[in-house]
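Visitor: Provided herewith is a single structure, encoded as structure tokens, for subsequent inquiry.
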Amino acid sequence: MSAKKAKLNLDFGHGGISMNFAKAYDIQPRNGMECDWDAGTFSFNTEEFEEFPGSSQNKIDEVRIKTIAAIIKKAVSDWQVETGCDFDTVMEVTISASFFEVFSFPYSLNFAVLKDITEEDMKKIEDCKQPEKILQIPIPGEKIKSLTSPYFTLLTEKNIVSRVPDPRNRKTKSLGFNAYFIIKHPALTRLLEIMREDGDKINVYLSCEKSFNALASKREMEGKTALIHITDYMSEFSVWDNSELKYLNNKETGLRELREAVWRLCLCYHKNPSLMEQDFELTQSPECMQRFYNMVMNAEISDDSKELLSAYDCSDLLEYISCILENETEESIKYSRLNLPGKNKSNTGLTISNYVLCYFAREAIRNLLLGIKQIIYNDDFCRPEFVILECPLPLNGIEKLANEVFEIPVRRAIVKWDGEMRSDLSSAGVGALQNLIANNVAEKKKTAVFQTLFGKMFSKVS
């Protein structure tokens with residue numbers, strides 16, 4: 000009797016490394032029909048995976064990489080034995096911003112003298128924009144993808160650089176464009192090299208490519224859409240035009256700014272318990288609240304204070320935070336309060352104003368979104384018509400706040416499989432699995448002898 004099929008996605012995602020799978024309910028599932036497949040995931044949370052691939056681009060820990068490969072092998076092997084499924088020879092790997100870098104490279108044709116741009120010059124520069132030519136530019140590291148700006152750069156006789164959509168009949172000493180390169184981390188490159196030794200097919204994609212396909216509506220796919228994913232320590236953002244990736248970047252800022260704001264606020268209440276009785280006055284004046292916020296965020300924190308309370312101690316408060324501010328009355332603020340945590344989340348008997356907490360959260364998230372907007376809008380061609388926002392924290396009202404910042408429609412992303420909301424699955428994993436079941440292949444690796452994608456690939460690990 001034939002074994003049931005299974006599809007695999009190895010996701011180097013925003014929250015770590017995980018294996019997503021789609022397991023067929025019977026031996027003849029229909030292509031593309033999610034109701035014929037059971038989707039699930041398991042994460043690799045052992046210490047060997049912590050901080051992989053690491054910040055260094057120059058040093059590769061071969062032993063650690065092989066250890067990670069062996070752990071993946073065992074986890075997948077155990078799952079296969081337990082389910083009795085056959086894996087296909089094709090697997091999709093998705094890579095998030097934690098595992099790549101974005102380089103910007105200015106490319107230009109230089110002329111001996113100031114001259115008018117001709118059709119021949121345009122033909123040459125457009126030829127340089129072709130993917131096969133772009134990939135020849137000597138950028139260090141393994142390129143995942145390259146993107147080019149639709150704008151052209153011109154250098155005037157006064158050495159002033161200008162950017163224009165159509166440079167024909169303009170005078171210039173240099174005609175060029177900006178190219179963006181997405182480069183895999185060397186440690187990840189090495190891990191994938193080990194995996195490829197088996198000879199099976201591994202398709203590598205950016206996480207945003209699969210996430211966009213899984214999340215975007217028809218209107219968002221046909222228009223110009225920004226996809227923003229906010230994590231603890233990094234934010235990844237891409238811009239799409241008619242479902243084509245036009246821009247991708249990341250910023251080393253994320254929810255840690257929110258966590259720090261909440262931690263600083265809690266420390267202030269610890270040091271000044273009288274704030275419990277006085278914070279109503281703060282809520283009645285936007286100017287007072289802003290001054291209080293600036294004071295707390297700019298205050299110097301001593302080592303003793305760090306011992307008194309940590310950001311981890313305050314983490315439970317994040318579940319209650321809203322980005323929507325509702326007017327407080329003297330009566331309501333007495334009841335709209337939250338317990339102030341102590342060391343190791345102990346009970347202190349103190350409370351903190353929910354309004355003040357939400358004000359700090361709103362300012363932290365607003366500043367985060369403004370920073371992302373500034374980077375995206377630095378290139379005029381990146382100005383989107385819609386925003387899809389992914390964020391792991393509840394943060395009620397964050398899409399409304401993002402709408403105020405970007406001044407265009409913003410929608411909070413919802414991950415679904417077979418029409419059901421799935422908080423356990425990443426959007427990149429869903430997108431990858433959807434693609435695999437839509438292109439269901441007949442060839443598969445047999446369970447009996449474990450000739451899976453991982454069967455031979457780790458033979459040299461031990």
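Reading the sequence shown from the start, the letters are residues 0 to 461 in numbering that gives the first Met the number 0.
Backbone N, C-alpha and C define an ideal beta-carbon position, used for all residues, glycine too.
Remember, it's a predicted structure, so these values are computed and weren't measured experimentally.
With respect to the alpha helix (DSSP H) encompassing residue 18, which residues constitute its N-terminal and C-terminal limits?
Guide: Within the sequence shown, residue 18 is the residue found at index 19, counting from 1. Element bounds for residue 18: not the alpha helix (DSSP H) but the beta strand (DSSP E), 15 to 23.
Visitor: Determine the direct distance from the alpha carbon of residue 411 to that of residue 233, and round the result to whole angstroms.
Guide: Residue numbering aside, residue 233 sits at position 234 when the sequence shown is read from its first letter. Residue numbering aside, residue 411 sits at position 412 when the sequence shown is read from its first letter. Between residue 233 and residue 411, the C-alpha separation is close to 18 Å.
Visitor: Out of curiosity, what's the CA-to-CA distance linking residue 270 and residue 406?
Guide: One-based indexing of the sequence shown puts residue 270 at position 271. One-based indexing of the sequence shown puts residue 406 at position 407. Computed Cα separation, rounded: 39 Å.
Visitor: Counting along the chain, where does the beta strand (DSSP E) carrying residue 469 start and finish?
Guide: This structure leaves residue 469 out entirely; the chain is present only between 0 and 461.
Visitor: Pairing CB atoms from the region 114 to 127 with CB atoms from the region 27 to 36, are three or more of them under 8 Å?
Guide: Touching, no, given that fewer than three Cβ pairs across the two stretches are closer than 8 Å.
Visitor: Could you check whether the Cβ of residue 18 sits closer than 8 Å to any Cβ belonging to chain D?
Guide: The structure shown contains no chain D; it holds only a single protein chain.
Visitor: Below 8 Å on the Cβ atoms is my guess for residue 465 versus residue 67; work out the distance and round it to an integer in Å.
Guide: The structure shown does not extend to residue 465, since the chain spans only 0 to 461, so no value can be given for it.
Visitor: Under 8 Å by Cβ, that's how I've got residue 427 and residue 209 pegged, so tell me the actual separation to the nearest angstrom.
Guide: Position 428 of the sequence shown, counting from 1, holds the residue named residue 427. Position 210 of the sequence shown, counting from 1, holds the residue named residue 209. Right, their Cβ atoms sit about 4 Å apart.
Visitor: What distance in whole Å lies between the Cβ atoms of residue 4 and residue 88, which are believed to be in contact at a cut-off of 8 Å?
Guide: Here residue 88 corresponds to residue number 89 of the sequence shown, with the count starting at 1. Here residue 4 corresponds to residue number 5 of the sequence shown, with the count starting at 1. Contact flag wrong, Cβ pair sits at about 11 Å.
Visitor: Do you know whose CA, among 62, 112, 17, 121, lies nearest residue 71's CA?
Guide: Stepping through the sequence shown from its first residue, residue 71 is reached at position 72. If we check each option's Cα against that of residue 71, 17 comes out closest.
Visitor: On the criterion of 16 or more Cβ atoms from any shown chain inside 10 Å, does residue 383 qualify as buried, or is it exposed?
Guide: Translated into positions along the sequence shown, residue 383 becomes position 384. Buried.
Visitor: Rounding to the nearest angstrom, what Cα-Cα distance links residue 368 and residue 362 in this structure?
Guide: Position 369 of the sequence shown, counted from the first residue, corresponds to residue 368. Position 363 of the sequence shown, counted from the first residue, corresponds to residue 362. Cα-Cα distance, rounded: 10 Å.
Visitor: Just mark residue 6 as buried or exposed, buried being the case when its beta carbon has 16 or more other beta carbons within 10 Å.
Guide: For the purposes of this step, residue 6 is taken as the residue at position 7 of the sequence shown. It is buried - the Cβ of residue 6 has at least 16 other Cβ atoms within 10 Å.
Visitor: What did DSSP end up calling residue 341 once you bin it into helix, strand or coil?
Guide: The residue given as residue 341 occupies position 342 in the sequence shown. Of the three classes helix, strand and coil, the one that applies to residue 341 here is coil, per DSSP.
Visitor: Where are the beta strand (DSSP E) runs, 3 residues long or more, that stay fully inside the region 143 to 206, in chain order?
Guide: Qualifying beta strand (DSSP E) stretches, in chain order: 151 to 154, 160 to 163, 170 to 183, 200 to 205.
Visitor: Please report the straight-line C-alpha distance between residue 396 and residue 316, rounded to a whole angstrom.
Guide: Residue mapping note: residue 396 aligns to position 397 of the sequence shown, counting from 1. Residue mapping note: residue 316 aligns to position 317 of the sequence shown, counting from 1. The alpha-carbon atoms of residue 396 and residue 316 are separated by roughly 16 Å.
Visitor: Are the CB atoms of residue 260 and residue 220 within a distance shorter than 8 Å?
Guide: Taking the sequence shown and counting its residues from 1, one reaches residue 220 at position 221. Taking the sequence shown and counting its residues from 1, one reaches residue 260 at position 261. No, the pair does not count as a contact, with Cβ atoms beyond the cut-off.
Visitor: Return the CA-CA distance between residue 449 and residue 190, expressed in angstroms with no decimal places.
Guide: Here residue 449 corresponds to residue number 450 of the sequence shown, with the count starting at 1. Here residue 190 corresponds to residue number 191 of the sequence shown, with the count starting at 1. In this prediction, residue 449 scores a pLDDT of 35, lower than 50, which makes its location untrustworthy; the coordinate-derived value is nonetheless stated afterwards. Computed Cα separation, rounded: 21 Å.
Visitor: What is the residue span of the alpha helix (DSSP H) that residue 284 lies within?
Guide: If you number the sequence shown from 1, residue 284 lands on position 285. It is not in any alpha helix (DSSP H) - residue 284 carries neither H nor E in the DSSP assignment.
Visitor: Drop a sphere of 10 angstroms on the beta-carbon of residue 445, count the other beta-carbons inside from all chains shown, and report buried for 16 or more, exposed for fewer.
Guide: Here the question's residue 445 lines up with position 446 in the sequence shown. Here the model assigns residue 445 a pLDDT of 43, short of 50, so the residue's position is not dependable, and the following value carries that caveat. When all chains shown are included, residue 445 counts as exposed.
Visitor: Where do the N-terminal and C-terminal ends of the beta strand (DSSP E) with residue 133 fall, by residue?
Guide: Here residue 133 corresponds to residue number 134 of the sequence shown, with the count starting at 1. Run containing residue 133: none in the beta strand (DSSP E); it sits in the alpha helix (DSSP H), 130 to 133.
Visitor: Classify residue 417 as buried or exposed, calling it buried when 16 or more other Cβ atoms lie within 10 Å of its own Cβ.
Guide: Here residue 417 corresponds to residue number 418 of the sequence shown, with the count starting at 1. Per the 10 Å Cβ criterion, exposed.
Visitor: May I have a chain-ordered list of the alpha helix (DSSP H) segments no shorter than 4 residues that lie completely inside the region 343 to 400?
Guide: Segments of the alpha helix (DSSP H) lying fully in the region 343 to 400: 353 to 376.
Visitor: Rounding to the nearest angstrom, what Cα-Cα distance links residue 217 and residue 225 in this structure?
Guide: By one-based count along the sequence shown, residue 217 stands at place 218. By one-based count along the sequence shown, residue 225 stands at place 226. Whole-angstrom Cα-Cα distance: 14 Å.
Visitor: Taking 8 Å as the cut-off, does the region 329 to 342 touch the region 239 to 256 (at least 3 CB pairs, one atom from each stretch)?
Guide: No, because fewer than three Cβ pairs between the region 239 to 256 and the region 329 to 342 fall closer than 8 Å, the two stretches do not touch.
Visitor: Taking the Cβ atom as the reference point for each residue, do residue 162 and residue 152 lie within a distance shorter than 8 Å?
Guide: As a working note, residue 162 is residue 163 in the sequence shown. As a working note, residue 152 is residue 153 in the sequence shown. Taking 8 Å as the Cβ cut-off, residue 162 and residue 152 qualify as a contacting pair.
Visitor: Using the C-alpha atoms, what's the distance from residue 227 back to residue 371?
Guide: Taking the first residue of the sequence shown as 1, we reach residue 371 at position 372. Taking the first residue of the sequence shown as 1, we reach residue 227 at position 228. Near 9 Å, if we compare the C-alpha coordinates of residue 227 and residue 371.
Visitor: Looking only at its chain, what residues have a beta carbon closer than 7 Å to the beta carbon of residue 320, apart from the 5 residues adjacent to it on each side?
Guide: Within the sequence shown, numbered from 1, the residue matching residue 320 stands at position 321. For residue 320, where only same-chain residues beyond five positions count, the Cβ hits under 7 Å are 356, 357, 360, 394.
Visitor: Taking the alpha-carbon positions, what's the residue 282 to residue 40 distance?
Guide: Counting from one through the sequence shown, the residue named residue 282 turns up at place 283. Counting from one through the sequence shown, the residue named residue 40 turns up at place 41. Residue 282 and residue 40: Cα-Cα distance of roughly 44 Å.
Visitor: What runs of the beta strand (DSSP E), each 3 residues or longer, lie entirely inside the region 218 to 303?
Guide: Counting only runs of 3 or more, we get 223 to 229, 234 to 240, 243 to 250.
Visitor: Helix or strand or just coil, what does DSSP make of residue 66?
Guide: Locating residue 66 in the sequence shown gives position 67, where the first residue counts as 1. The answer is helix: DSSP assigns residue 66 an H, G or I state.
Visitor: Is it buried or exposed for residue 468, if we count other Cβ within 10 angstroms and need 16 for buried?
Guide: Missing from the structure shown is residue 468; the chain here goes from 0 to 461 and no further.
Visitor: Taking all protein chains shown into account, decide if residue 135 is buried (16 or more other Cβ within 10 angstroms of its Cβ) or exposed.
Guide: In the sequence shown, counting from the first residue as 1, residue 135 sits at position 136. Exposed, because fewer than 16 other Cβ atoms sit within 10 Å of the Cβ of residue 135.
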